[in-house]
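Data block below; observations after.
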Amino acid sequence: MTTIKLFNTKTRTKEDFVPINADDVRMYVCGPTVYDRAHLGNARPVIVFDVLYRLLCKEFGVGNVTYVRNFTDVDDKINARAAETGRSIGDITAETTQWFLDDMAAVGALQPSIRGEAHQKAMPRATAYIAEMIAMTEDLIAKGHAYAAEGHVLFRVRSYEKYGALSGRSVDDMIAGARVEVAPYKEDPMDFVLWKPSDADTPGWDSPWGKGRPGWHIECSAMAEALLGSEFDIHGGGNDLQFPHHENEIAQSTCAGHGFARYWMHNEMLQVEGKKMSKSLGNFFTVRDLLDQGVPGEVIRFVMLSTHYRKPMDWTEKKRAEAEKTLRKWRGLVNGAGDSGVVSDKVIAALEDDLNTPLAISELHQLAQALLKKERSERTEKDVDDLAASARLLGLLSDNATMGAWVFDGAVEQLAVSHFVDLLGALKAEAMETKDFSKLDALKKALVDAGLEVRMSKSEIALLPGPDFDKEKVEALR
-4 MTTIKLFNTK
6 TRTKEDFVPI
16 NADDVRMYVC
26 GPTVYDRAHL
36 GNARPVIVFD
46 VLYRLLCKEF
56 GVGNVTYVRN
66 FTDVDDKINA
76 RAAETGRSIG
86 DITAETTQWF
96 LDDMAAVGAL
106 QPSIRGEAHQ
116 KAMPRATAYI
126 AEMIAMTEDL
136 IAKGHAYAAE
146 GHVLFRVRSY
156 EKYGALSGRS
166 VDDMIAGARV
176 EVAPYKEDPM
186 DFVLWKPSDA
196 DTPGWDSPWG
206 KGRPGWHIEC
216 SAMAEALLGS
226 EFDIHGGGND
236 LQFPHHENEI
246 AQSTCAGHGF
256 ARYWMHNEML
266 QVEGKKMSKS
276 LGNFFTVRDL
286 LDQGVPGEVI
296 RFVMLSTHYR
306 KPMDWTEKKR
316 AEAEKTLRKW
326 RGLVNGAGDS
336 GVVSDKVIAA
346 LEDDLNTPLA
356 ISELHQLAQA
366 LLKKERSERT
376 EKDVDDLAAS
386 ARLLGLLSDN
396 ATMGAWVFDG
406 AVEQLAVSHF
416 VDLLGALKAE
426 AMETKDFSKL
436 DALKKALVDA
446 GLEVRMSKSE
456 IALLPGPDFD
466 KEKVEALR
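Heads up: the sequence shown begins at -4 in this note's numbering, then just goes up one per residue.
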């Protein structure tokens, strides 16, 4: 086994990944706040860390890897959505949680798991860990790192000397340049909330400081410690979480006596056609918007992985079209592939080098091109299975219905099977009668040129989308 190298945000260097225990590799990734549909940018960390999870499972064994990704189901945004719609908070969080799971499944993300097994605890809800949050807050107060004031509990930022190390900022610079909440109960403007009071209209739990609810940052610290222990291997998320969320997690967890995460990984943000995604620019859309417009989840995943996770990713219509064309070609090549393939060493090496997914995809192109250069009769079962296995390590070319069915959709089936099979059958019968095969051969050639594989025997006619399938060309033939 070669060494995985990961860029550690905390040290700003690419480091060899050495787990605390190779038989118990543990990773925590910040999940969504469940009050609305996941937008396209929300899918990027899910896809990035899904690939890392797959790589860790391959390198260390599925049963030796735990991957936890939380749901924030207590938050002021959720409260505001409930007040705005008149719906209960429970209904909103249950619905949006399921939306998120459905949409992430559509882009090929595996569900998090504990030691390789599906488990609800691998996707913890913050509201199930309130007792742990209260206990951690009490401990921080006892150690002098937090204080209670007017029903709030706040963390003393200046009590942690290394505050700002993750984001590379000093506390004084943060105060000068950041928007911080100024409140009379704060000892210092930078102190952040661990607990805050709740009124009759907001969710609340009994605590030593009165009825209230946790601050956002304490939630992840408490859940990570409860599920992964006081020290674990990897903590991931988007770089928009680097400050203040992850900075605050490190401060409170370290001051509570936890080693917390050893490697910090952050993906860059997403743009659309070269511009920041925003509702004001009219280029804001959710994953579900794309899926409903007919963009396959596998295509979304391919476009995301075509850019290195530490670089800004630009979603464009051109990239979408190219990704769809490539995946149709590859799926045509691996149609009927088995599970006995061996992943390319070059694909593994690319992923081991700080998740270099663009290079891994480039290697997949090379494998596919080598297959295309061979006549169909020359392609071995191993060639096909190896391409499929190599792609599946990136979550591509999966043989499950969610990811692969789009290539063989109802429109294609109706076009290829119903119309053209009938037409081929009629022309074949006519040719057998007249001995003039020109019309039959012309149609077969046109279908092949459009990327369809034509299979004809004495008793059966079948058409399958091949690696060069072009839906528009097929439709033009009708």
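Ideal Cβ placement from N, Cα and C applies to all residues, glycine included.
Quick check: the Cα distance between residue i and residue j, rounded to an integer number of angstroms?
i: Glu127; j: Gln266; result: 37 Å
i: Ala406; j: Ile356; result: Below a pLDDT of 50, predicted positions are generally treated as unreliable, and Ala406, at 45, falls in that range; the measurement from the model is reported next regardless. Their backbone Cα atoms lie some 29 Å apart in a straight line.
i: Arg21; j: Ala437; result: 59 Å
i: Ala113; j: Leu222; result: 14 Å
i: Lys313; j: Lys320; result: 11 Å
i: Val63; j: Phe227; result: 11 Å
i: Gly224; j: Ile15; result: 12 Å
i: His240; j: Ala251; result: 17 Å
i: Thr88; j: Ile73; result: 8 Å
i: Tyr155; j: Lys206; result: 28 Å
i: Lys324; j: Glu373; result: 18 Å
i: Lys5; j: Ala160; result: 7 Å
i: Lys157; j: Glu133; result: 22 Å
i: Lys423; j: Lys341; result: 47 Å
Can you say whether residue i is buried or exposed, counting buried as having 16 or more other CB atoms within 10 angstroms of its CB?
i: Gln93; result: exposed
i: Pro179; result: exposed
i: Pro40; result: buried
i: Val443; result: exposed
i: Asn351; result: buried
i: Leu322; result: buried
i: Asp11; result: exposed
i: Gly390; result: buried
i: Ala396; result: The pLDDT assigned to Ala396 is 46, lower than 50, so where the model puts this residue is not dependable; a value taken from the coordinates is nonetheless given after this. With fewer than 16 other Cβ atoms within 10 Å, it is exposed.
i: Arg208; result: buried
i: Ala195; result: exposed
i: Thr8; result: exposed
i: Gly336; result: buried
i: Thr(-2); result: exposed
i: Gly327; result: buried
i: Arg450; result: exposed
i: Thr177; result: With the sequence shown as reference, residue 177 is identified as Val, and Thr is not the correct amino acid for it. Exposed, by the Cβ-count rule.
Determine whether the beta carbon atoms of residue i and residue j lie at a separation below 8 Å.
i: Asp31; j: Val282; result: no
i: Glu263; j: Met299; result: no
i: Leu35; j: Trp204; result: no
i: Ala77; j: Ser83; result: yes
i: Gln247; j: Ser275; result: no
i: Val29; j: Asp71; result: no
i: Leu1; j: Met218; result: no
i: Ser162; j: Phe238; result: yes
i: Ala117; j: Pro107; result: yes
i: Ile129; j: Ser202; result: yes
i: Gly58; j: Gly111; result: yes
i: Leu472; j: Ala441; result: yes
i: Leu359; j: Ala386; result: yes
i: Tyr304; j: Val13; result: no
i: Ser339; j: Asp381; result: yes
Span of the beta strand (DSSP E) holding residue i?
i: Lys439; result: Not the beta strand (DSSP E): Lys439 falls in the alpha helix (DSSP H), residues 433 to 444.
i: Phe415; result: Taken as a continuous stretch (DSSP letters only), Phe415 belongs to no beta strand (DSSP E), as it is neither H nor E.
i: Glu319; result: Where Glu319 is concerned, there is no enclosing beta strand (DSSP E), although the alpha helix (DSSP H) it sits in stretches over 312 to 329.
i: Met22; result: 20 to 24
i: Lys0; result: 0 to 3
i: Tyr30; result: No beta strand (DSSP E) contains Tyr30, which DSSP labels as neither H nor E.
i: Val177; result: No beta strand (DSSP E) contains Val177, which DSSP labels as neither H nor E.
i: Ala121; result: Premise fails: Ala121 is in no beta strand (DSSP E) and is neither H nor E.
i: Thr61; result: 60 to 64
i: Thr8; result: 8 to 11
i: Arg283; result: Looking at the DSSP string, Arg283 is not in any beta strand (DSSP E); the run it does join, the alpha helix (DSSP H), is 282 to 287.
i: Arg208; result: 207 to 209
Hey, could you find the ends of the alpha helix (DSSP H) residue i is sitting in?
i: Gln364; result: 352 to 367
i: Val294; result: 292 to 300
i: Met185; result: Met185 -> no alpha helix (DSSP H), and no H or E assigned at all.
i: Asp348; result: No alpha helix (DSSP H) holds Asp348; DSSP gives it neither H nor E.
* Asked: Taking contact to mean at least 3 C-beta pairs separated by less than 8 Å, is the segment 83 to 92 in contact with the segment 206 to 221?
  -> These segments do not touch.
* At least 3 beta-carbon pairs within less than 8 Å: the segment 143 to 150 vs the segment 188 to 195 -> In short, these stretches touch, since the Cβ pair count reaches three.
* Any chance the segment 284 to 293 sits against the segment 45 to 60, with 3 or more Cβ pairs inside 8 Å? -> These segments do not touch.
* Asked: Are the segment 362 to 373 and the segment 413 to 430 touching, with three or more C-beta to C-beta distances below 8 Å?
  -> Cβ pair count under 8 Å is below three, so no.
* Asked: Using 8 Å as the Cβ pair cut-off and three pairs as the minimum, do the segment 227 to 239 and the segment 22 to 29 touch?
  -> A contact exists between the segment 227 to 239 and the segment 22 to 29.
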